[in-house]
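A.B. asks: One structure, as structure tokens, below. Some questions next.
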Amino acid sequence: MKTIINSIWISLGLLLITGQGWAQTTEYTIDKSSTMVINGTSNIKDWKAEVEEMNAKISLTPSLLEQDSMASPVSQFSLTIPVKEIESGKGGMNRKIYGALKEEDHPEIMFNLISAALADTVQSAELFTLKVEGNLSVAGTVNEVSFPVKGTRVGEDNYRFEGTYGINMKDYDVDPPSAIFGTIKSREEVEIKFNILLTAN
1 MKTIINSIWI
11 SLGLLLITGQ
21 GWAQTTEYTI
31 DKSSTMVING
41 TSNIKDWKAE
51 VEEMNAKISL
61 TPSLLEQDSM
71 ASPVSQFSLT
81 IPVKEIESGK
91 GGMNRKIYGA
101 LKEEDHPEIM
111 FNLISAALAD
121 TVQSAELFTL
131 KVEGNLSVAG
141 TVNEVSFPVK
151 GTRVGEDNYR
161 FEGTYGINMK
171 DYDVDPPSAI
181 FGTIKSREEV
191 EIKFNILLTA
201 N
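Counting with the UniProt record's numbering, you get residues 1 to 201 for the letters of the sequence shown.
Here it is as structure tokens:
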């Protein structure tokens, strides 16, 4: 009897050890090749600005992508964008953007993850879609947002995440930038397009 009990405990221990290794969480860093672009329109012409710096804390459990489970593979994700790292290529437009985003009082745009669930039961570690929910803070106003993100494995350990998200600036109490005494006015809606490569630490 003792032999049987000991065998059971050993088996359980091995399962726990294997499970911990299988569900190992890895921290990732945003690669410098990653891009994020803000696309907007006005009553005259379209405009865009690029985010030149992003700071993030990211933890993934890649093995969950290979299991028949809807468990979230993302255990932590927070993103910070310094407002002054938004670059339109035009000094005057930059100042308008910084002013509209109340940069002096709120120098950072922040996103903090609430959840990132697999969006479909048919998934693979190579290509998958996440339904991301989180809190987005812009110009001192915080709103809960939700949007799909496409994930792709790159090589053995790296992942690329792509998506777009539309924002109405009025939802964040932001007055759209204008120029030439208000004769050129930006529309309230802007689109954020991102292509982020994560590399394992």
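Even for Gly, the Cβ is constructed at its ideal location relative to N, Cα and C. Quick caveat, the model's predicted, so the values are computed rather than measured.
1. Assign residue 205 to one of three DSSP states: helix, strand, or coil.
2. If you measure between the beta carbons of Val-149 and Ala-116, is that distance less than 9 Å?
3. Answer with buried or exposed for Ala-49, where buried requires no fewer than 16 other C-beta atoms within 10 angstroms of its C-beta.
4. Suppose you measure from the CA of Gly-151 to the CA of Gly-91; what does that come to, to the nearest Å?
5. The beta strand (DSSP E) that contains Val-142, what's its start and end?
6. Compute the beta-carbon to beta-carbon distance between Pro-73 and Glu-53, rounded to the nearest angstrom, for a pair I have assumed lies under 8 Å.
7. Under 9 Å between the Cβ atoms of Asp-46 and Ala-100?
8. In this structure, how does DSSP classify Trp-22 when only helix, strand and coil are distinguished?
9. One question on the structure: do Gly-40 and Glu-189 come within less than 9 Å of each other, judged by their Cβ atoms?
10. Can Tyr-159 and Leu-197 be called in contact, C-beta distance under 9 Å?
11. With DSSP run on the structure shown, which of helix, strand or coil describes Met-169?
12. Alpha carbons only, please: which of Thr-80, Lys-32, Lys-193 and Phe-194 is nearest the one belonging to Ile-109?
13. Out of Gly-155, Arg-153, Ile-192 and Phe-161, point me to the one whose CA is closest to Asn-168's CA.
14. For Asn-195 and Phe-128, what's the separation of their Cα atoms in angstroms?
15. To which residues of the same chain is Ser-78 closer than 6 Å at the C-beta, ignoring the five residues directly before and after it?
16. Which partner residues does Met-54 have in the DSSP bridge list?
C.D. replies: Here's the rundown:
1. The requested residue 205 does not occur in the structure, where the chain is confined to residues 1 to 201.
2. Looking up residue 149 in the sequence shown gives position 149. Looking up residue 116 in the sequence shown gives position 116. Yes.
3. For the purposes of this step, residue 49 is taken as residue 49 along the sequence shown, with counting starting at 1. With 16 or more other Cβ atoms within 10 Å, it is buried.
4. Along the sequence shown, read from residue 1 onward, the residue named residue 151 stands at position 151. Along the sequence shown, read from residue 1 onward, the residue named residue 91 stands at position 91. When rounded, the distance between both Cα atoms is 35 Å.
5. Sequence index remark: in the sequence shown, residue 142 carries index 142 (1-based). Looking at the DSSP string, the run of the beta strand (DSSP E) that includes Val-142 is 141-154.
6. Within the sequence shown, residue 73 is the residue found at index 73, counting from 1. Within the sequence shown, residue 53 is the residue found at index 53, counting from 1. At roughly 26 Å, the Cβ-Cβ gap does not stay under 8 Å, so Pro-73 and Glu-53 are not in contact.
7. On the sequence shown, position 46 is the one that residue 46 refers to. On the sequence shown, position 100 is the one that residue 100 refers to. Going by C-beta atoms, Asp-46 is not nearer than 9 Å to Ala-100.
8. Stepping through the sequence shown from its first residue, residue 22 is reached at position 22. With a pLDDT of only 45 at Trp-22, under 50, the local geometry of the prediction cannot be trusted, and the value read off the model is given with reservation. Three-state result, Trp-22: helix.
9. Position 40 of the sequence shown, counting from 1, holds the residue named residue 40. Position 189 of the sequence shown, counting from 1, holds the residue named residue 189. Result yes, Cβ atoms of Gly-40 and Glu-189 sit closer than 9 Å.
10. Locating residue 159 in the sequence shown gives position 159, counting from the first residue. Locating residue 197 in the sequence shown gives position 197, counting from the first residue. Cβ distance < 9 Å, so Tyr-159 and Leu-197 count as in contact.
11. Here residue 169 refers to the residue found at position 169 when the sequence shown is read from its first residue. The answer is helix: DSSP assigns Met-169 an H, G or I state.
12. In the sequence shown, the residue the question calls residue 109 occupies position 109. Ile-109 has its Cα closest to that of Thr-80, out of Thr-80, Lys-32, Lys-193 and Phe-194.
13. On the sequence shown, residue 168 is found 168 positions in, with the first residue counted as 1. Just measuring C-alpha positions, the residue of Gly-155, Arg-153, Ile-192 and Phe-161 sitting nearest Asn-168 is Ile-192.
14. For the purposes of this step, residue 195 is taken as the residue at position 195 of the sequence shown. For the purposes of this step, residue 128 is taken as the residue at position 128 of the sequence shown. Approximately 15 Å, taken between the alpha carbons.
15. Position 78 of the sequence shown, counting from 1, holds the residue named residue 78. Cβ neighbours of Ser-78 within its own chain (closer than 6 Å, five residues either side excluded): Lys-57 and Asn-112.
16. Residue 54 sits at position 54 when you count from the first residue of the sequence shown. Bridge partners of Met-54: none, in fact.
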